[in-house]
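Asks:
Numbering (the numbering used here), first residue to last: 30 to 191.
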């Protein structure tokens, strides 16, 4: 039973790591699979932001061995947030400002956990890339340009179906 104003994972003296992890998973979109954490921003390549988030929640309740406690919580999160598989989504490309679906729809929402997110903003009304198109025109025959563009498009989705 939590004391007045204290989180359920703190009993006044110590932190219950299992309860902390349960609370953390309710307030943070995160999964663990294939030896990595995944969030709506994609695969976490650096756990420093995760450590900072945990510390921000613990700083008023832990005064000794804080780094050890954070490491212990991260190890427990690997168990409690574990999923066997995070299936790739072959009908969409996750971008810095949202998700572009292959049928042309775009959403700014970034609330689903994804394998990767390109650090590029989607701008539907952007001007044609004149330098790139000129380069292609100088490099290839006109009838080969759509083939290269299609190939590059396939490189952006996690699928090998043609």
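For glycine and all other residues, C-beta sits at the position ideal for the given N, C-alpha and C. Here the structure is a predicted model, which means the values were calculated and not measured.
Is residue 65 helix, strand or coil when you go by DSSP?
Replies: In this structure, residue 65 counts as strand in the three-state DSSP scheme.
Asks: Report yes if the CB atom of residue 125 is closer than 9 Å to the CB atom of residue 148, and no otherwise.
Replies: In contact: residue 125 and residue 148 (Cβ atoms closer than 9 Å).
Asks: Using three-state DSSP, classify residue 177 as helix, strand or coil.
Replies: Residue state, collapsed to three classes: helix.
Asks: Using the three-state DSSP reduction, which class does residue 186 fall into: helix, strand or coil?
Replies: The answer is coil: DSSP assigns residue 186 none of H, G, I, E or B.
Asks: Please list the segments of the alpha helix (DSSP H) lying wholly inside the stretch 88-176, counting only runs of 4 or more residues, in order along the chain.
Replies: Taking only runs of at least 4 residues, the alpha helix (DSSP H) segments lying wholly in the stretch 88-176 are 95-109, 159-168.
Asks: For residue 121, count neighbouring Cβ atoms within 10 angstroms of its own Cβ and tell me buried if that reaches 16, exposed if not.
Replies: Residue 121 should be labelled buried.
Asks: Name the residue from 133, 91, 170 whose alpha carbon lies nearest to the alpha carbon of residue 36.
Replies: Cα-wise, what sits closest to residue 36 is 91.
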